[in-house]
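Under my numbering, read the sequence shown as residues 33 to 521, first letter to last.
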Amino acid sequence: MARLPAADAEEPAVHDLMFRPVSELAALVRSGELSARELVSASLERIDALDGQINAFTHVGADGALAAADAIGADDPRPFAGVPIAIKDNRPVEGMPLTMGANAFGDLVPPFEMAFVRRLRAAGFVIVGKTALPEYGIQPTTESVRNGPTRNPWDLSRTAGGSSGGAAAAVAAGMVPIAHGNDGGGSIRIPAACCGLVGLKPARGRISLAPVEGESFLVTDGVLTRTVAESAALLDLLAGPEAGDTSWAPPPSEPFAQTAARTPGRLRIGFTLRPPLTETAIDPIAAQAVFDTVELLRELGHEVEEIDPPWAIPGMLELFSAAFGPAVGSAIVIAGTIAGRELTADDMEPLSWMLWERSRKLDAPHYLAAIGQLQALARTLVTATAACDAVLTPSLAQRPVPIGALSGATDDPVGTFRRGGEFTPFTAIANVTGQPAISVPISHGDDGLPVGVHFFGRPAQEGPLLALAAQLEAARPWAGRRPELVAAS
33 MARLPAADAE
43 EPAVHDLMFR
53 PVSELAALVR
63 SGELSARELV
73 SASLERIDAL
83 DGQINAFTHV
93 GADGALAAAD
103 AIGADDPRPF
113 AGVPIAIKDN
123 RPVEGMPLTM
133 GANAFGDLVP
143 PFEMAFVRRL
153 RAAGFVIVGK
163 TALPEYGIQP
173 TTESVRNGPT
183 RNPWDLSRTA
193 GGSSGGAAAA
203 VAAGMVPIAH
213 GNDGGGSIRI
223 PAACCGLVGL
233 KPARGRISLA
243 PVEGESFLVT
253 DGVLTRTVAE
263 SAALLDLLAG
273 PEAGDTSWAP
283 PPSEPFAQTA
293 ARTPGRLRIG
303 FTLRPPLTET
313 AIDPIAAQAV
323 FDTVELLREL
333 GHEVEEIDPP
343 WAIPGMLELF
353 SAAFGPAVGS
363 AIVIAGTIAG
373 RELTADDMEP
383 LSWMLWERSR
393 KLDAPHYLAA
403 IGQLQALART
413 LVTATAACDA
423 VLTPSLAQRP
433 VPIGALSGAT
443 DDPVGTFRRG
453 GEFTPFTAIA
463 NVTGQPAISV
473 PISHGDDGLP
483 VGVHFFGRPA
493 QEGPLLALAA
503 QLEAARPWAG
513 RRPELVAAS
């Protein structure tokens, strides 16, 4: 098991670099104190030393990253010039493989990339590789047949979470200072909670899905970071529509980073331990983290009261699956197009096949009816919590599960899918409502693993949510925590 290092522990410079904020790293390059090549090389060295244990990366583009770094000088005015970053392997990056964690995608290398990737490059970030996810991004753990399990740097026998598990593990282990992820049911916030990071799911429509989609009901892109300030700065960089988007979130009145840097004032905050899946038990460590956070929030001057949101309805998991399953199915359709044939059960993990079969049986009228039900539920929930500036819940109902506990290569796909929902019952609701939501690593358990708490913000109001998270970070600093890992010799 990884351990918290002593407060006065001294570490080599290469080890320390990837744990520093991205703004500091960019400043080192601008000042000439460190070259972009040296910074990117530090990332690549950490990946080479640690990824054999953790398995966070599906592809490392060392030559391309070093070439990009060599083109960056100390006079580069871009805000993040020379800073390494990784992209989750379910988004196209020109010149890099796109696998979706699935064997059926073969050796596809797309000739284009996402608009947000272009924005990252334009800001000076250097892409060092692609990070792992479960097959088609389905599970809240990351352990595909194609790539094997991604392990939690805090305890290599435990999951790093999912579906952005490779991204979270890479940041937590100090292989990159920041990483892209995306979230269709908790896939940024779950691994953030497992690995001790900040995980913001932006509001629906905040970050463009160009050029692959005009909009998405459930999925949004984002990043995994160590600090709230980094999450706010990256949101400012990535936010905003692209030409041809079907819809987009209203712009903020000021930059998100500016709002996040201010004390939020006295807020009314509701909290609950009652999950949307009523049969789910809450781990005592997760419950205590919420109670401790309630006490801290009151000390900070906020009004906090227990609430009972009307979200524990029968069939919630099945209703969500009626929207989530076809989203997965669309990726399987693409995989079949790439393969040039109809895919069979032998082409995918049993859990993926189960969702594919269910999706094919769901005709268009029933799919649209399910979306309508979810939209009505979203309206009910947002209305019911309208008096709250934020709603606090556990990030996870359980501690990070052992590797293998929720693998998609299961003999019981229906049961495994349900157990995945019981592990992470609070996160998917924010994808249904479209609200911004964030997991922050408020503490560490006696088991050596991080403990996250989770906040829903007001619709399209990431700024105040980030300000609240930053206030908690100032009161209970977490960015200095890091797992002890022994590099491969």
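Heads up, the beta-carbon is just placed ideally off N, CA and C, and yes, glycines get one too.
Would you list the residues sitting across from Glu-337 in a DSSP beta bridge? For the purposes of this step, residue 337 is taken as residue 305 along the sequence shown, with counting starting at 1. DSSP, once it has assigned bridges, lists Gly-302 as partnering Glu-337.
Check whether Ala-100 and Val-160 have beta carbons under 7 Å apart: Along the sequence shown, read from residue 1 onward, the residue named residue 100 stands at position 68. Along the sequence shown, read from residue 1 onward, the residue named residue 160 stands at position 128. Taking 7 Å as the Cβ cut-off, Ala-100 and Val-160 do not qualify as a contacting pair.
Would Gly-297 be called buried (16 or more neighbouring beta carbons within 10 Å of its own) or exposed? If you number the sequence shown from 1, residue 297 lands on position 265. By the neighbour-count rule (16 or more Cβ atoms within 10 Å), Gly-297 is not buried but exposed.
Comparing C-alpha positions only, which one of Glu-245, Gln-430 and Ala-199 sits nearest to Arg-183? The residue labelled residue 183 in the question sits at position 151 within the sequence shown. Nearest option by C-alpha distance: Ala-199.
Could you please give me the residues that DSSP links to Phe-89 through a beta bridge? For the purposes of this step, residue 89 is taken as residue 57 along the sequence shown, with counting starting at 1. In the DSSP output, where bridge partners are listed per residue, Phe-89 has Thr-163.
Can you check DSSP and say which residues form a bridge with Asp-395? Within the sequence shown, numbered from 1, the residue matching residue 395 stands at position 363. None; Asp-395 has no bridge partner.
Would you check if the distance between the CB atom of Glu-335 and the CB atom of Arg-300 is smaller than 7 Å? Position 303 of the sequence shown holds residue 335. Position 268 of the sequence shown holds residue 300. Their beta carbons are under 7 Å apart, which means Glu-335 touches Arg-300 by this criterion.
Cβ-Cβ distance between Gln-430 and Phe-455 below 7 Å: The sequence position of residue 430 within the sequence shown is 398, counting from 1. The sequence position of residue 455 within the sequence shown is 423, counting from 1. Yes, they are a contact pair.
Are there 16 or more other CB atoms within 10 angstroms of the CB of Ala-34, so buried, or fewer, so exposed? Mapped onto the sequence shown, residue 34 falls at position 2. Because the pLDDT at Ala-34 is just 44, under 50, the model does not fix this residue reliably, and the value given afterwards should be weighed accordingly. So Ala-34 ends up on the buried side.
What does Leu-232 pair with, by DSSP beta-bridge criteria? Here residue 232 is taken as the residue at index 200 of the sequence shown, counted from 1. DSSP output for Leu-232 lists Ile-470 as bridge partner(s).
Could you work out which residue in Ile-474, Ala-506, Ser-285 and Leu-98 is closest to Phe-323 when comparing CA atoms only? Here residue 323 is taken as the residue at index 291 of the sequence shown, counted from 1. Here the closest residue by C-alpha is Ile-474.
Among Thr-173, Ala-204, Thr-163 and Ser-73, whose alpha-carbon lies nearest the alpha-carbon of Arg-513? Counting from 1 along the sequence shown, the entry for residue 513 is found at position 481. Checking every option, the nearest Cα to that of Arg-513 belongs to Ala-204.
With DSSP run on the structure shown, which of helix, strand or coil describes Gly-133? Here residue 133 refers to the residue found at position 101 when the sequence shown is read from its first residue. Of the three classes helix, strand and coil, the one that applies to Gly-133 here is coil, per DSSP.
For Phe-112, name the three-state secondary structure that DSSP assigns. Against the sequence shown, residue 112 aligns to sequence position 80. Phe-112 falls in the coil class under three-state DSSP.
Minimum C-alpha distance to Leu-241 - residue among Asp-108, Arg-411 and Met-146: If you number the sequence shown from 1, residue 241 lands on position 209. Comparing Cα-Cα distances from Leu-241 to each of Asp-108, Arg-411 and Met-146, the minimum goes to Met-146.
Buried or exposed by the 16-neighbour rule on C-beta atoms within 10 Å, applied to Ser-521: Locating residue 521 in the sequence shown gives position 489, where the first residue counts as 1. Confidence is the limiting factor: at Ser-521 the pLDDT is only 47, short of 50, which leaves the residue's position unreliable and the question unanswerable from this model.
In this structure, what does DSSP give as the bridge partners for Asn-184? Stepping through the sequence shown from its first residue, residue 184 is reached at position 152. Per DSSP, Asp-187.
In its own chain, which residues sit with a C-beta less than 7 Å from the C-beta of Leu-329, not counting the 5 before and 5 after it? By 1-based counting over the sequence shown, the position of residue 329 is 297. So the qualifying residues of the chain are Ile-301 and Val-336.
Give the range of the alpha helix (DSSP H) segment to which Thr-425 is assigned. By one-based count along the sequence shown, residue 425 stands at place 393. First-last for Thr-425: 422-426, but that is the beta strand (DSSP E), not the alpha helix (DSSP H).
First and last residue of the beta strand (DSSP E) that includes Ala-532? The chain is shown only over 33 to 521; residue 532 falls outside these bounds and no answer can be derived.
Cα-Cα separation between Arg-78 and Pro-341, rounded to whole angstroms: Counted from its first residue, the sequence shown places residue 78 at position 46. Counted from its first residue, the sequence shown places residue 341 at position 309. Distance between the alpha carbons of Arg-78 and Pro-341 is about 44 Å.
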